[in-house]
Each structure stands twice: as C-alpha cells, then as structure tokens.
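In UniProt numbering, the protein residues as written are 1 to 135. Every residue, glycine too, gets a C-beta built ideally from N, C-alpha and C.
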Amino acid sequence: MTSENTEINLLHTLRKEAGSALKVDIWYEGEIWVFHPVGSIDTGTCGDLEVTLIEGIQQGMRWIVLDMTDVRYISSAGIRVLILGAKTLKQKNGELKLSTLNKTVEEIIQMTGLKKVIPVYPDNQSAIHSFSTKE
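Written out as structure tokens, the structure is:
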C-alpha cells in the first residue's frame with residue numbers, strides 16, 4: 001500500500017457488510033494484515049470472505065493472518081476459500097496463517113487436514129511473529 005487514501009478506500013471496501021452474516025474487520029501490523037471474520041463461514045457467507053481475501057491480495061497484501069476468534073463454524077465451502085486464499089498468496093510469494101481457533105473450528109480444521117496446508121497458531125502475535133522468523 002503506497003498511499004493513505006488507498007488504504008482507507010481498501011479498508012472501506014473490505015469492511016462492507018452487504019447484508020451478509022459475515023463481517024470482516026481488517027487491520028495491519030507492519031506489512032502483515034490481520035483479517036478478523038465474525039460469524040460462520042459457510043455456503044451463504046464464504047463468498048464474502050473470498051472477495052475480501054482476493055481484493056486484499058490484488059491490492060498488494062502478501063502476509064495475512066486470519067484471526068478465527070469469532071468464527072463459530074466453518075463449512076467445506078469455507079475450507080475451500082481458505083485453500084484458495086493460501087494458494088493465491090503462495091503464487092505471489094505470500095502466506096496465509098490461521099490463529100485463535102475455537103474448539104469447534106479447530107476440530108474441523110484438524111479433520112480436514114487443513115493444518116498440513118495452512119499453519120495454525122494459538123494467537124495473533126504468534127502468527128505475526130512467525131513471519132519474521134522465516135529466514
């Protein structure tokens with residue numbers, strides 16, 4: 001992100017709720033962006049998260065932590081969006097990481113084998129710090 005105006009416009013676009021049950025708050029620490037979805041990521045809402053991730057990546061975001069603190073449930077459609085986001089970031093030399101999973105979401109992530117594809121951290125700070133320890 002090069003200009004403050006671009007950041008404001010991007011954040012405004014990405015925080016749009018368009019009547020869906022999924023709200024996504026976004027903030028950043030340095031060059032690492034934290035996405036905080038609130039609600040369930042399922043067939044009815046996964047499109048909102050997909051658009052948010054893809055728009056962010058197209059705007060230049062490369063390192064994203066998905067803070068799952070307030071995600072009550074994630075369906076197979078939601079898992080597909082996470083995989084798509086991770087693959088898209090990898091193609092751009094970036095990475096997606098998950099943090100702060102509740103027990104229900106953690107069980108789903110474990111059962112689907114997603115932990116083998118997307119790293120999971122106990123909290124945002126651990127996930128953010130892991131980007132700086134990569135080399």
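Check, Outcome
"Exposure label - N124; buried when at least 16 CB within 10 Å", "buried"
"Spatially closest choice to Q91 from S99, T69, R62, P119, by CA coordinates", "R62"
"Proximity below 8 Å, CB of P119 to CB of S130", "yes"
"Span separating the alpha-carbon of Y54 from that of T104", "The sequence shown places Ile at residue 54, rather than the Tyr named in the question. Distance between the alpha carbons of I54 and T104 is about 26 Å."
"8 Å contact criterion, which V81 and E50 should meet: CB distance rounded", "5 Å"
"Spatial neighbours of S95 in its chain, beta-carbon cut-off 7 Å, leaving aside the 5 residues before and after", "According to the sequence as given, residue 95 is Glu; it is not Ser. Closer than 7 Å at Cβ, skipping near neighbours: W63, L89."
"Host alpha helix (DSSP H) of V117 (start-end)", "Here V117 belongs to no alpha helix (DSSP H), and DSSP marks it neither H nor E."
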